[in-house]
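Read through the structure below, which is laid out as structure tokens, and then see the notes.
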Amino acid sequence: MSARLDVTGVILAGGLSRRMGGGDKGLLELAGRPMLGHVVCRLRPQVGAVVINANGDPARFAPLGLPVVPDTIGGFVGPLAGVLAGMRWSAVNAPDARWIVTAAGDAPLLPSDLVARLMQAVEGRPGAIALAQSHGELHPVIGLWPVALAEDLEEQ
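Under the working numbering, the first residue of the sequence shown carries the number 270, and numbering increases by one thereafter.
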């Protein structure tokens, strides 16, 4: 499967991890490497570029060698702020990318054909988004979003 240069991968790692008592869930190790490393390995072959959306000190993600993009809206308002930050980053730094695909930093077992599946779901539906589902359950943090929706999202 070849990478889609019209898609930027945005790993959402900006949560407060309240249920875990704080800290970065994506930096917890699984099979000898951080969960974020697994997410990067799953996304990188599917997209043109990968960035991490996180707030706070970006140096903690330096070993991954990826750009770290903070929320453009203050106050830890949730994952949609990370989606918007990813859209804004992609518009400037990957101008050929018309889409972003988002994934949680603590979701290391993403399908190797995630982008293809989500693109199939929006085929023939301009401006549509696609959110992942498994076993009848929606996973709204894992999705495909048109970069062109940034203005509309920011207004919300």
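For glycine and all other residues, C-beta sits at the position ideal for the given N, C-alpha and C.
Considering only Gly343, Pro303, Val309, the residue with the shortest C-alpha distance to Gly278 is Val309. In summary, His307 is buried, with 16 or more beta-carbon neighbours lying within 10 Å of its beta-carbon over all protein chains present.
Here the alpha carbon of Ile280 sits roughly 6 Å from the alpha carbon of Asn322. Exclusion of the five residues before and after Trp368 leaves Asp275, Val276, Leu413, Trp414, Pro415, Val416 as the residues of its chain whose Cβ lies within less than 7 Å of its Cβ. Pairing Asp382 with Pro336, the inter-Cα distance amounts to about 23 Å. Nearest in C-alpha terms to Val410, of all of Ser359, Val361, Gly355, is Gly355. Per DSSP, the continuous beta strand (DSSP E) segment holding Asn322 begins and ends at 316 to 322. Counting only residues of its own chain and dropping the five nearest sequence neighbours on each side, Leu379 has a CB closer than 6 Å to the CB of Arg311, Ala372. Around the Cβ of Leu353, a 10 Å sphere holds 16 or more other Cβ atoms; the residue is buried.
In the three-state scheme derived from DSSP, where H, G and I count as helix and E and B as strand, Asp275 is classed as strand. Per DSSP, the beta-bridge partners of Val337 are Ile321. Burial check for Gln425: the Cβ neighbour count within 10 Å stays below 16, so the residue is exposed.
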